[in-house]
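Chemist: So in numbering that gives the first Met the number 0, the last one in the sequence shown is 401, and the numbering has no gaps at all.
Backbone N, C-alpha and C fix where the C-beta goes; we use that ideal spot for every residue, glycine too.
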Amino acid sequence: MKFDFYATLVAMVAVLLLGVFVIKRVKFLRDYNIPEPVVGGGIAAIILLILHSSFSLDIKFDESMKDPLMLAFFSSIGLLADFASLKKGGKKLAIFLVVVVGLLFAQNIVGIGVASAMGQNPLMGLIAGSVTMSGGHGTGAAWAAEFIKEPYLYSSATTVAIACATFGLISGGIIGGPVARYLVNKHKLVVPKQNDDKDAILNFQSPEKERLITPSSFIESLALIALCLLIGSALSTYIKTNTGFTLPTFVYCLFVGVVLRNVLSATKIHHVFDREVSVLGNVSLSLFLALALMTINLWDLVTLALPMLVILVVQVAMMAAYAIFVTFRVCGKDYDAAVLAAGHCGFGLGATPTAMVNMQTVTNHYGMSHMAFIIVPLVGAFFIDIVNALVINAFLYLPFFH
Numbered sequence: 000m001k002f003d004f005y006a007t008l009v010a011m012v013a014v015l016l017l018g019v020f021v022i023k024r025v026k027f028l029r030d031y032n033i034p035e036p037v038v039g040g041g042i043a044a045i046i047l048l049i050l051h052s053s054f055s056l057d058i059k060f061d062e063s064m065k066d067p068l069m070l071a072f073f074s075s076i077g078l079l080a081d082f083a084s085l086k087k088g089g090k091k092l093a094i095f096l097v098v099v100v101g102l103l104f105a106q107n108i109v110g111i112g113v114a115s116a117m118g119q120n121p122l123m124g125l126i127a128g129s130v131t132m133s134g135g136h137g138t139g140a141a142w143a144a145e146f147i148k149e150p151y152l153y154s155s156a157t158t159v160a161i162a163c164a165t166f167g168l169i170s171g172g173i174i175g176g177p178v179a180r181y182l183v184n185k186h187k188l189v190v191p192k193q194n195d196d197k198d199a200i201l202n203f204q205s206p207e208k209e210r211l212i213t214p215s216s217f218i219e220s221l222a223l224i225a226l227c228l229l230i231g232s233a234l235s236t237y238i239k240t241n242t243g244f245t246l247p248t249f250v251y252c253l254f255v256g257v258v259l260r261n262v263l264s265a266t267k268i269h270h271v272f273d274r275e276v277s278v279l280g281n282v283s284l285s286l287f288l289a290l291a292l293m294t295i296n297l298w299d300l301v302t303l304a305l306p307m308l309v310i311l312v313v314q315v316a317m318m319a320a321y322a323i324f325v326t327f328r329v330c331g332k333d334y335d336a337a338v339l340a341a342g343h344c345g346f347g348l349g350a351t352p353t354a355m356v357n358m359q360t361v362t363n364h365y366g367m368s369h370m371a372f373i374i375v376p377l378v379g380a381f382f383i384d385i386v387n388a389l390v391i392n393a394f395l396y397l398p399f400f401h
């Protein structure tokens, strides 16, 4: 059975609504911030598996929307990167970024090493490394789209990526709080006096705050994302054709968004409406993940389940150890460092929202850490995607990937 563009669009929206419906009724899913498209898409994938195995019925969806939606999401990340806000993070932001980059390398080395030791495709280890652990669902699905193609031809890439990202998301939410509590108690950390810099953390502590979105402002934000897609795609094609250097197109779109945002800010030509761009980006990501999950083949996952689980368990153990012995120590061994360690567990295994929830849980119990609420969103929502793309691309030059 083949679904055309319109039927696929209806199915995507239905999957998201199903995810919202289920999450409202299952506390576990709410507690660990499992995304709606992952829940709805997972149920849809199971239904498609039953149709395939019991009735030999396969449904083919129109995937023409997949790439534009993915590129729109990463463009929105770039458009939200205001360099002026980096001054608030200061020296500790730079230190934390170095720590985060170190984890990216460690995750890939561990993932590839464990996968190779079990006789699996090294690409599984890379996907179960920084691609999904630090990259999350969006980055995982984006790279999986590349790994399916030549020269890699890893047909299970999307299935493995979604499964790993979901496992990481849950694990990141589970270990963040306990890691911070261990550090606070072991080192008898004292909550420092805080500067009452409410504006710096308002967007992160009150993410549900409403702001007026108008048709004209919406069109302006949509135009910025469309411009990122146009220039980013053209840059990708031009550089690949003329130099042979390859990076996924979403990286170029993200870079264009960064440049566009900061040029507009410096020249005061246009003020980017952050919340509106974020809405567009999140909607694009949700629809993209819904389509990605609807089009995976769960029956390909059966033979990969055990090796993948071994890699992921090792990754979670390493994340906890890294947060305690590296993140905490390098970032100052104080209360802010303990909160940063909890946040690092969140986006080091899943996503920035999980990091924020981890930190909110810790600070609600012990006291506020304004510095952590400035640094983690900046690194987790923006820098991580750029640096991770470069690190992953560097690993792909290793000989056993060719």
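Apart from the five residues on each side of it in sequence, which residues of its chain come closer than 7 Å, Cβ to Cβ, to Met370?
Modeler: Looking up residue 370 in the sequence shown gives position 371. These residues qualify, in order along the chain: Lys91 and Asp335.
Chemist: Is the beta carbon of Ala164 less than 8 Å from the beta carbon of Gly128?
Modeler: Counted from its first residue, the sequence shown places residue 164 at position 165. Counted from its first residue, the sequence shown places residue 128 at position 129. Contact: no.
Chemist: Answer with buried or exposed for Glu149, where buried requires no fewer than 16 other C-beta atoms within 10 angstroms of its C-beta.
Modeler: The residue given as residue 149 occupies position 150 in the sequence shown. With fewer than 16 Cβ atoms within 10 Å of its Cβ, Glu149 is classed as exposed.
Chemist: Just confirm the distance between the C-beta atoms of Met293 and Gly77, as a whole number of angstroms; I'd bet it's less than 8 Å.
Modeler: Locating residue 293 in the sequence shown gives position 294, counting from the first residue. Locating residue 77 in the sequence shown gives position 78, counting from the first residue. About 27 Å separates the two Cβ atoms, so there is no contact after all.
Chemist: Beta carbon of Leu103, beta carbon of Ser133: below 8 Å?
Modeler: Along the sequence shown, read from residue 1 onward, the residue named residue 103 stands at position 104. Along the sequence shown, read from residue 1 onward, the residue named residue 133 stands at position 134. Their beta carbons are under 8 Å apart, which means Leu103 touches Ser133 by this criterion.
Chemist: Is Lys23 helix, strand or coil by DSSP?
Modeler: Within the sequence shown, residue 23 is the residue found at index 24, counting from 1. Helix.
Chemist: Give the DSSP bridge partners of Lys1, in chain order.
Modeler: Counted from its first residue, the sequence shown places residue 1 at position 2. Lys1 is bridged to Lys59.
Chemist: So Gly379 and Gly167 are supposed to be a Cβ contact under 8 Å. How far apart are they, rounded?
Modeler: Reading the sequence shown from its first residue, position 380 is the one you call residue 379. Reading the sequence shown from its first residue, position 168 is the one you call residue 167. Between Gly167 and Gly379 the Cβ distance is about 13 Å, and since that is not below 8 Å, they are no contact.
Chemist: Apart from the five residues just before and just after Leu228, which ones in its own chain have a Cβ nearer than 8 Å to its Cβ?
Modeler: The count along the sequence shown starts at 1 and reaches residue 228 at position 229. Pro67, Leu70, Ala71, Ser74 and Cys252, listed in sequence order.
Chemist: If you check the beta carbons only, do Val113 and Val313 fall under 8 Å apart?
Modeler: In the sequence shown, counting from the first residue as 1, residue 113 sits at position 114. In the sequence shown, counting from the first residue as 1, residue 313 sits at position 314. Result yes, Cβ atoms of Val113 and Val313 sit closer than 8 Å.
Chemist: What are the boundary residues of the alpha helix (DSSP H) that includes Ala160?
Modeler: Locating residue 160 in the sequence shown gives position 161, counting from the first residue. Where Ala160 is concerned, the enclosing alpha helix (DSSP H) stretches over Ala156 to His186.
Chemist: What is the rounded straight-line gap between the Cα of Ala320 and the Cα of Ile310?
Modeler: For the purposes of this step, residue 320 is identified with residue 321 of the sequence shown, where counting begins at 1. For the purposes of this step, residue 310 is identified with residue 311 of the sequence shown, where counting begins at 1. Approximately 16 Å, taken between the alpha carbons.
Chemist: Identify whether His269 lies in helix, strand or coil by the three-state DSSP scheme.
Modeler: For this step, residue 269 is matched to residue 270 along the sequence shown. DSSP places His269 in coil when its eight states are reduced to three.
Chemist: Can you give me the C-alpha to C-alpha distance between Leu188 and Leu226, rounded to a whole angstrom?
Modeler: As a position in the sequence shown, residue 188 is number 189, starting the count at 1. As a position in the sequence shown, residue 226 is number 227, starting the count at 1. Each residue's Cα considered, the two are about 48 Å apart.
Chemist: Determine the direct distance from the alpha carbon of Asn107 to that of Phe394, and round the result to whole angstroms.
Modeler: The residue you call residue 394 lines up with position 395 of the sequence shown. The residue you call residue 107 lines up with position 108 of the sequence shown. In a straight line, the C-alpha of Phe394 is about 8 Å away from that of Asn107.
Chemist: Could you tell me how far apart the beta carbons of Met358 and Phe346 are, in whole angstroms, since I believe they sit closer than 8 Å?
Modeler: Residue numbering aside, residue 358 sits at position 359 when the sequence shown is read from its first letter. Residue numbering aside, residue 346 sits at position 347 when the sequence shown is read from its first letter. Wrong, their Cβ atoms sit about 10 Å apart, outside the cutoff.
Chemist: If Val178 and Ala354 are in contact, beta carbons under 8 Å, what's the gap, nearest whole angstrom?
Modeler: Residue 178 sits at position 179 when you count from the first residue of the sequence shown. Residue 354 sits at position 355 when you count from the first residue of the sequence shown. About 12 Å separates the two Cβ atoms, so there is no contact after all.
Chemist: By the 10 Å Cβ neighbour count, where 16 or more other Cβ atoms means buried, how is Tyr153 classified, buried or exposed?
Modeler: Here residue 153 refers to the residue found at position 154 when the sequence shown is read from its first residue. That one is buried.
Chemist: Nearest to Ala160 by CA position, among Val12, Phe400, Tyr151 and Ala141, is which residue?
Modeler: One-based indexing of the sequence shown puts residue 160 at position 161. Nearest of Val12, Phe400, Tyr151 and Ala141 to Ala160, Cα basis: Ala141.
Chemist: Would you say Val312 touches the ligand ATP, meaning its beta carbon is less than 7 Å from a heavy atom?
Modeler: Among the components of this structure there are no ligands whatsoever, and the ligand ATP is therefore not found.
Chemist: Can you tell me where the alpha helix (DSSP H) holding Ala316 begins and where it ends?
Modeler: Walking along the sequence shown from the start, residue 316 turns up at place 317. Start and end: Ala304 to Tyr321.
Chemist: Helix, strand or coil, according to DSSP, for Glu149 in the structure here?
Modeler: For the purposes of this step, residue 149 is taken as the residue at position 150 of the sequence shown. Three-state result, Glu149: coil.
Chemist: Beta-carbon separation of Ser220 and Phe287 under 8 Å?
Modeler: Numbered from 1 along the sequence shown, position 221 holds the residue referred to as residue 220. Numbered from 1 along the sequence shown, position 288 holds the residue referred to as residue 287. Contact: no.
Chemist: Between the alpha carbons of Tyr237 and His364, how many angstroms are there, rounded?
Modeler: Locating residue 237 in the sequence shown gives position 238, where the first residue counts as 1. Locating residue 364 in the sequence shown gives position 365, where the first residue counts as 1. Approximately 52 Å between the Cα atoms of the pair.
Chemist: Which residue comes first and which comes last in the alpha helix (DSSP H) that contains Val386?
Modeler: Within the sequence shown, numbered from 1, the residue matching residue 386 stands at position 387. Start and end: Ile383 to Phe394.
Chemist: Using the Cα positions of Asp3 and Ala289, report the straight-line distance between them to the nearest angstrom.
Modeler: Here residue 3 corresponds to residue number 4 of the sequence shown, with the count starting at 1. Here residue 289 corresponds to residue number 290 of the sequence shown, with the count starting at 1. Rounded to the nearest angstrom, the two C-alpha atoms are 16 Å apart.
Chemist: Excluding five sequence neighbours on each side, which residues of the same chain lie with their C-beta closer than 6 Å to the C-beta of Ala156?
Modeler: Stepping through the sequence shown from its first residue, residue 156 is reached at position 157. Excluding residues within five positions, the ones whose Cβ falls inside 6 Å are Ala143, Phe146 and Ile147.
Chemist: Between the C-alpha atoms of Cys330 and Met307, what's the straight-line distance to the nearest angstrom?
Modeler: As a first step, residue 330 is located in the sequence shown; it is residue number 331 there, counting from the start. As a first step, residue 307 is located in the sequence shown; it is residue number 308 there, counting from the start. Straight-line Cα distance between these residues: approximately 32 Å.
Chemist: Which class does Asp335 belong to by DSSP, given the choice of helix, strand or coil?
Modeler: Taking the first residue of the sequence shown as 1, we reach residue 335 at position 336. In this structure, Asp335 counts as helix in the three-state DSSP scheme.
Chemist: According to DSSP, is Gly243 helix, strand or coil?
Modeler: In the sequence shown, the residue the question calls residue 243 occupies position 244. Coil at Gly243, not helix or strand.
Chemist: Could you tell me the boundaries of the alpha helix (DSSP H) in which Pro67 lies?
Modeler: By 1-based counting over the sequence shown, the position of residue 67 is 68. Lys65 to Leu78 is the extent of the alpha helix (DSSP H) around Pro67.
Chemist: In angstroms with no decimal places, state the Cα-to-Cα distance between Arg180 and Phe324.
Modeler: For the purposes of this step, residue 180 is taken as the residue at position 181 of the sequence shown. For the purposes of this step, residue 324 is taken as the residue at position 325 of the sequence shown. Taking the straight line from one Cα to the other gives about 14 Å.
Chemist: What first and last residue would you give for the alpha helix (DSSP H) that runs through Met123?
Modeler: Here residue 123 corresponds to residue number 124 of the sequence shown, with the count starting at 1. Run containing Met123: Pro121 to Leu125, per the alpha helix (DSSP H) assignment.
Chemist: Considering just the uninterrupted stretch of the alpha helix (DSSP H) at Ser53, what are its terminal residues?
Modeler: Translated into positions along the sequence shown, residue 53 becomes position 54. Where Ser53 is concerned, the enclosing alpha helix (DSSP H) stretches over Glu35 to Phe54.
Chemist: May I have the straight-line CA-CA distance separating Val21 from Pro398, to the nearest angstrom?
Modeler: Within the sequence shown, the letter at position 22 stands for residue 21. Within the sequence shown, the letter at position 399 stands for residue 398. If you take the alpha carbons of Val21 and Pro398, they lie about 45 Å apart.
Chemist: Output the distance between the C-alpha atoms of Val38 and Leu297, rounded to the nearest integer angstrom.
Modeler: Position 39 of the sequence shown, counted from the start, is the residue given in the question as residue 38. Position 298 of the sequence shown, counted from the start, is the residue given in the question as residue 297. For Val38 and Leu297, the distance between alpha carbons rounds to 14 Å.
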